[in-house]
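As structure tokens, the structure follows; a few thoughts come after it.
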Amino acid sequence: MYLSRKSSDARSIFNKAMTILAGTLVVVALIPLLAVLSYVLIKGFGRLNLDLLTKLPPPPMVPGGGIANAIVGTLIMVGLASLISVPIGIGSAIFLSEFSNPTTAQWIRFATNVLNGVPSIILGVFAYSVLVVTTKTFSAYAGAVALSILMLPTIIRTTDEALKIVPQEIRWASLGIGAAKYQTVLQIVLPAALPTIVTGVTLAIARAAGETAPLIFTALSTQFWPNSLSQPTPSLAVLVFNFATVPFKNQQELAWAASLILVLLVLTTSIISRFALRRKTY
Amino acid sequence: MTHYSPQTIPQPKSQVEDTALEAVNLNIHYGSFLAVKDVCLKIERNKITSFIGPSGCGKSTLLRCFNRLNDLIETFHIKGEVYHENQDLYSRHVDPVQVRRRIGMVFQKPNPFPKSIYDNVAYGPRINGFKGNLDELVEQSLTQAALWDEVKDKLKQSGTALSGGQQQRLCIARTIAVQPDVVLMDEPCAALDPISTLKIEELMNDLKSQYTIVIVTHNMQQASRVSDKTAFFNVEATPKGKVGYLVEYDDTVNIFTNPRQIHTRDYIAGRFG
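These protein sequence lines are chains A and B, in that order. In terms of this note's numbering, the first sequence is residues 6 to 287. In terms of this note's numbering, the second sequence is residues 14 to 286.
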């Protein structure tokens, strides 16, 4: 049986050792994720009730209460930021992939990558100096603008990639039966790329929802319901930042619960993007 | 007489009465590179004309000149003239989008849109502002493309879910739904099995009463089976690269039984290419 494998030879042993090493490293890589998720779950689960989702945070030393205002604030600001960044981002990506010449496209892609690398706190300071200082008030608007700048590069890049995957032949086919360029883009290319674009947008939204730094400078936070877009507005991320560091037990518990809600929000968006990807054509 | 623009373009070249497309001293360039040189060719109306020749001889490039699809390639430009029904296709006044509405194209790889079968066929008429009964037109186009019986119960299903041969017939239906004058086919059977190929060939025969068809093919049997006229292209090496040129253009029967040029004889005998 000269073809049989000897488990004792050097190659087999090396093979096994490497497989075990790689497997171990995967486990090590997963530990932080599992640890964070389970810790947040354990710490936050106790306060996961209706009060949490419907009531305002109490003053120090007062028990109970919830984080409803922060949830609403986050939804408002992320929603507003999406309204700003999604049209601009998708529009830019369409220009990049379908209309611009290669040299221009290269520069715009480079600029997008640079913007993607700018630390979020700098975006916060920028929005602070442009919107908060000039209007003399912290506001949901300023927060939304900061978040939208943060979302923009992700949306542009993923949409650009999504459009590039759509095969050239489909564009030719459309042009070949007498479609104008804009008809081809709007009616053929964009629908074909839509699932991937939706994924990119949800990822951008998930990232924006968890950002703290840009909001500290722009939306600040309050203990009350947000009642105007031009006033300081609470958010989950800033609430976690504020409450986690105070010496009151109730506030700390609320911070954990808020973290859990935030994680669940991000998880939900990821799941939505997974479902969108299932409908992918290319 | 078709009109591409509000302005009438006076271009009555000396033409045979039944010429649909004509290339006059056509040179095709990519940047400074000459890809195809000096083609003079008249394509007759309601006939099937096939372009054969070895790879790189420029037959697909030439085909795409007839509906200005090469315009999408930035470095592309031509010298010489191309006429469709006496109009210079490359005149300044001509809108390439209008040209492509008149001169449709079927590609090598079946490329249905990721839409339903119905929408694939209806897309062309819709963007062209078709006002009549769209259902009827879709049925008629699919019937003409010999696909109706296979898909009539699943018009809402995605066009990409069909088999390769069905996809290609869907692409043909999509092309003829805008009722063009000419259908250009760029190796339409290259990706298909022999049975699907046969179906497409039968289909081409049915279509030629209504359309002028130009087909590029690597399959010489196919050219001899389906076409009325055959143009043989060859490629020659020059210091600046390979240049394609038209060797011989004649009735298909003559090309395959009694070619005048030695190159043509060698090629159809399978001695090169």
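Heads up, the beta-carbon is just placed ideally off N, CA and C, and yes, glycines get one too.
What residues are listed by DSSP as bridge partners for residue i?
| i | result |
| --- | --- |
| Ser264 of chain A | According to DSSP, Ser264 of chain A bridges with nothing at all. |
| Gln100 of chain B | B:His97 |
| Asp264 of chain B | B:Lys242 |
| Ser171 of chain B | B:Ser129 |
| His42 of chain B | B:Leu47 and B:His90 |
| Leu197 of chain B | B:Met118 and B:Val227 |
| Gly254 of chain B | B:Thr251 |
Output yes or no for whether 7 Å exceeds the beta carbon distance between residue i and residue j.
| i | j | result |
| --- | --- | --- |
| Ala209 of chain A | Ile154 of chain A | no |
| Gln121 of chain B | Asp199 of chain B | yes |
| Asn124 of chain B | Ile193 of chain A | no |
| Ser222 of chain B | Thr265 of chain B | no |
| Ala224 of chain A | Gly129 of chain A | no |
| Met233 of chain B | Gly181 of chain A | no |
| Arg182 of chain B | Ala158 of chain B | yes |
| Leu39 of chain B | Tyr262 of chain B | no |
| Pro158 of chain A | Thr117 of chain A | yes |
| Ile226 of chain B | Gln188 of chain A | no |
| Leu152 of chain A | Ala86 of chain A | yes |
| Leu197 of chain B | Asn80 of chain B | yes |
| Val45 of chain A | Leu282 of chain A | no |
| Ser154 of chain B | Ala186 of chain B | yes |
| Val37 of chain B | Gly93 of chain B | yes |
| Ala75 of chain A | Leu241 of chain A | yes |
| Ser129 of chain B | Lys165 of chain B | no |
Would you mind reading off the limits of the beta strand (DSSP E) that contains residue i?
| i | result |
| --- | --- |
| Lys242 of chain B | Lys242 to Thr251 |
| Gly122 of chain A | That residue, Gly122 of chain A, is in no beta strand (DSSP E); its alpha helix (DSSP H) goes Pro107 to Gly122. |
| Gly93 of chain B | Phe89 to His97 |
| Lys50 of chain B | Phe46 to Glu57 |
| Val229 of chain B | Thr225 to Val229 |
With H, G and I counted as helix, E and B as strand and the rest as coil, what does DSSP make of residue i?
| i | result |
| --- | --- |
| Leu259 of chain B | strand |
| His287 of chain B | As displayed, chain B neither begins before 14 nor continues past 286, which places residue 287 of chain B out of reach and without an answer. |
| Phe131 of chain A | helix |
| Ser90 of chain A | helix |
| Glu35 of chain B | strand |
| Gly69 of chain B | coil |
| Ile47 of chain A | helix |
| Cys184 of chain B | helix |
| Tyr287 of chain A | coil |
| Val190 of chain A | helix |
| Ala158 of chain B | coil |
| Ala149 of chain A | helix |
| Tyr136 of chain B | helix |
| Ile81 of chain A | helix |
| Ser27 of chain B | At Ser27 of chain B the pLDDT is 47, less than 50, meaning the model places this residue with poor confidence; the figure from the coordinates comes in the next sentence. If DSSP states are grouped into helix, strand and coil, Ser27 of chain B belongs with coil. |
| Thr140 of chain A | helix |
| Lys254 of chain A | helix |
Please list the terminal residues of the continuous alpha helix (DSSP H) segment that includes residue i.
| i | result |
| --- | --- |
| Phe64 of chain B | Per DSSP, Phe64 of chain B belongs to no alpha helix (DSSP H); it is in the beta strand (DSSP E), Ile61 to Ile65. |
| Met66 of chain A | No alpha helix (DSSP H) holds Met66 of chain A; DSSP gives it neither H nor E. |
| Gly181 of chain A | Gln173 to Gly181 |
| Gly205 of chain A | Leu195 to Ala214 |
| Asn271 of chain B | Where Asn271 of chain B is concerned, there is no enclosing alpha helix (DSSP H), given that its DSSP letter is neither H nor E. |
| Ala218 of chain A | Ala218 to Ile221 |
| Val243 of chain A | Leu241 to Ala249 |
| Leu82 of chain B | It is not in any alpha helix (DSSP H) - Leu82 of chain B carries neither H nor E in the DSSP assignment. |
| Lys212 of chain B | Pro207 to Leu220 |
| Asp56 of chain A | Leu55 to Thr59 |
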